[in-house]
Amino acid sequence: MTGSWYVVLEEETERYVSIDGEGHDLYRWHLARTTEVEGDRSAAEAAARELAESHLPAQIARFLNPGGRPARQIYRMPDGTLLVRLTRAYDETRFRVSVGELVSSQEEIEGRRRPESPRGLRRFFG
């Protein structure tokens, strides 16, 4: 349904890789969750603030002792996005919470299947 307001959660993921014998931490953002909110934009903004104050990504939650909680800083960015920084001992992670209005939605169309490729050497030489 278009015209609906959503809270969108993006989490940062980290992966360690070795490139040419040197270690590198690779970071990227991924869409973790979208939640439709009943009501208008202000209701969605309130739900986004609540999520920013309570969400614990699995990356940091799995190391918490019972009753423990990480340090949390919440920054409101100029576009209204909430950027959250969580720190615990030597761990740190970040996530973003945004409010968005669904303006378009399309259903998947599967289309025709591609023909299967030939087997053996014909596959390589056409």
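Per the working numbering, the very first residue in the sequence shown carries number 41; after that it's consecutive.
We put the beta carbon where it would ideally sit given N, CA and C, even for glycine.
All values reported here derive from a predicted model rather than from experimental measurement.
With distances taken between CA atoms, E54 lies nearest to G63 out of G63, D119 and E156. Using a Cβ distance threshold of 8 Å, L91 and L49 count as a contacting pair. In terms of CA proximity to L66, T133 leads the group G140, S138 and T133.
By DSSP's assignment, G63 forms a beta bridge with S58. Across the structure, S145 and A83 are spaced so that their CA atoms are roughly 22 Å apart. Taking C-beta atoms as the reference points, A88 and S44 fail to come closer than 8 Å. Between V57 and T75, the CB-CB gap reaches or exceeds 8 Å. With a beta-carbon spacing of about 7 Å, E93 and I114 fall inside the 8 Å limit used to define contacts.
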